[in-house]
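For reference, the structure is listed below as structure tokens.
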Amino acid sequence: MRRSKGEQFASFINYALLGALGLLALLPFVHVLAQSLSSHDAITTGRVTLLPVDFTLESYRRVLSEQAFLNAFQISVLRTVAGTLVNVALTCLLAYPLSKTYIKGRSTIMFLIVFTMMFGGGMIPTFLVVKATGLLNTFWAFIIPGAISAFNVIIMKNFFQSVPVELEESAKIDGGSNLGILFRIVIPLSMPAIATITLFHAVGHWNSFFDTVLYITDRKMYPLQVYLRELIMFNQSNIDNNSGYSANMDSALLALESIKAAALIASTVPILIVYPFLQKYFVKGIMLGSVKG
């Protein structure tokens, strides 16, 4: 069907506007990338804009040789992997029984879950609970306080309700248990929604910052985002004097801005690599999970 001139013009405006917005979002990243690949003199003289000047990888060599950076990177990777696995597992285990209308008390439990989306416990009470349970300065402080997301539980519950009941009934006739049906039938059919919440949780864990400020005082437990904050907020003398930060970072050959840029790019690359593989499930998973059921 041939589109009218008005529709073609509207599509052109939409693409032009989205392209301009995408370019505006991309420019800061390109500038930081150019800084990370430029020399000390080029940065200090203000010659770096969107392309590297006096190309060099020295900033990356310096950053990747820092034990503090490597330790923070390891903490972030472990947190993202372990936290996402716990989040997805608990979300599925909670959402599956709530998707069954014959479960007694289902409405009450759903009300309590939705209630937490509107009224939180508050920062100080949450901190006191974490402290009372002995989670301060432990790896579990990254995972347990946010182990369940009410929003994602609702997405998975609605998606599970879209799975044909006949499949589960056939499996029960063949002797399948509830957990067997969940893991062998329901979850494989729900991969778009699971991929969606997996990406939500993974990005959230990777970029998380505030919970570390609240619960962690041991620098050895700092994830990458807090390391970057330390690198950006403190001047060169602060970094050299702080425990955990090597004096190797202080070099007459490199500008601190170049090191900051290299650290930012190095911390962004992992999530950029993973994102394209799961991005296609974002809209599909959310739409199916919210419309059906």
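So in this note's numbering, the last one in the sequence shown is 281, and the numbering has no gaps at all.
Think of the CB as a built atom: it goes at the ideal place given N, C-alpha and C, for glycine as much as any other residue.
Problem set entry | Length of the line joining the Cα atoms of Y233 and T37 | In this prediction, Y233 scores a pLDDT of 49, lower than 50, which makes its location untrustworthy; the coordinate-derived value is nonetheless stated afterwards. C-alpha of Y233 to C-alpha of T37: approximately 29 angstroms in a straight line.
For this session: Could you pull the start and end residues of the alpha helix (DSSP H) that F43 belongs to?
Result: It is not in any alpha helix (DSSP H) - F43 carries neither H nor E in the DSSP assignment.
Exercise. Looking at the structure shown, is S196 part of a helix, part of a strand, or coil, going by DSSP?
Worked result: Correct three-state label for S196: coil.
Exercise. Taking buried to mean at least 16 other C-beta atoms within 10 Å of its own C-beta, is E(-8) buried or exposed?
Worked result: Note that residue -8 is Ser in the sequence shown here, rather than Glu. Per the 10 Å Cβ criterion, exposed.
Exercise. If you measure from the beta carbon of A129 to each beta carbon in chain B, is any gap under 8 angstroms?
Worked result: This model lacks chain B altogether; it includes just one protein chain.
Exercise. In whole angstroms, what is the alpha-carbon distance linking A183 and V74?
Worked result: Spanning the alpha carbons of A183 and V74 requires a straight line of approximately 14 angstroms.
Problem set entry | C-alpha gap between Y215 and P85, whole angstroms | Roughly 41 angstroms between the two C-alpha positions.
Problem set entry | Reference I259, options L78, M221, E245, A190, closest by Cα | Of the candidates L78, M221, E245, A190, the one whose C-alpha sits nearest the C-alpha of I259 is A190.
Exercise. So, using beta-carbon positions, are A22 and L39 closer together than 8 angstroms?
Worked result: For A22 and L39, yes; Cβs fall inside 8 angstroms.
Problem set entry | Same chain only: Cβ atoms within 8 angstroms of D42, ignoring 5 sequence neighbours per side | The answer, listed in chain order, is S26, S27, D29, A30.
For this session: Go ahead and pull the three-state DSSP assignment for T79.
Result: T79: helix per DSSP, three-state reduction.
Exercise. Three or more C-beta pairs closer than 8 angstroms, one from the stretch -8 to 1 and one from the stretch 202 to 219: is that the case here?
Worked result: With the cut-off at 8 angstroms, the stretch -8 to 1 and the stretch 202 to 219 do not touch.
Exercise. Roughly how many angstroms lie between the CA atoms of R67 and R207, to the nearest whole one?
Worked result: Rounded to the nearest whole angstrom, the CA to CA distance from R67 to R207 is 15 angstroms.
Exercise. Skipping 5 residues on each side, what residues in its chain have a beta carbon closer than 7 angstroms to that of V141?
Worked result: For V141, same chain residues with a beta-carbon under 7 angstroms away, outside a window of 5 residues either side, are T79, L82, A83, I101 in chain order.
Problem set entry | As assigned by DSSP and simplified to three states, the class of S(-1) | The answer is helix: DSSP assigns S(-1) an H, G or I state.
Problem set entry | Selected residue, minimal CA-CA separation from R35, among A251, S246, I253 | Closest option to R35, Cα to Cα, is S246.
Exercise. Can you find at least 3 beta carbon pairs, one from the stretch 159 to 166 and one from the stretch 47 to 67, that sit closer than 8 angstroms?
Worked result: By the C-beta criterion, the stretch 159 to 166 is judged not to be in contact with the stretch 47 to 67, since fewer than 3 inter-stretch pairs fall below 8 angstroms.
Problem set entry | CB contact flag (L52, A254, <8 angstroms) | Yes, these two residues count as a Cβ contact at 8 angstroms.
Problem set entry | Exposure of E154, with buried meaning 16 or more beta-carbon neighbours within 10 Å | That one is exposed.
For this session: Report the rounded CA-to-CA distance for A249 versus L15, giving the unit in angstroms.
Result: Taking C-alpha positions only, A249 is separated from L15 by approximately 14 angstroms.
Exercise. So, using beta-carbon positions, are S178 and F147 closer together than 8 angstroms?
Worked result: Against a cut-off of 8 angstroms, the Cβ pair of F147 and S178 comes out as a contact.
Exercise. With distances taken from CA atoms, which of S64, G109, S87 is nearest W128?
Worked result: When only C-alpha atoms are compared, the closest one is S64.
Problem set entry | T33 and N125 closer than 8 angstroms at C-beta | Judged by beta-carbon spacing, N125 lies beyond the 8 angstroms limit of T33, meaning their Cβ atoms are not closer than that value.
Exercise. If you count every other CB in all the chains shown that lies within 10 Å of the CB of S24, and 16 or more means buried, which is it?
Worked result: By the 10 Å Cβ count, S24 comes out buried.
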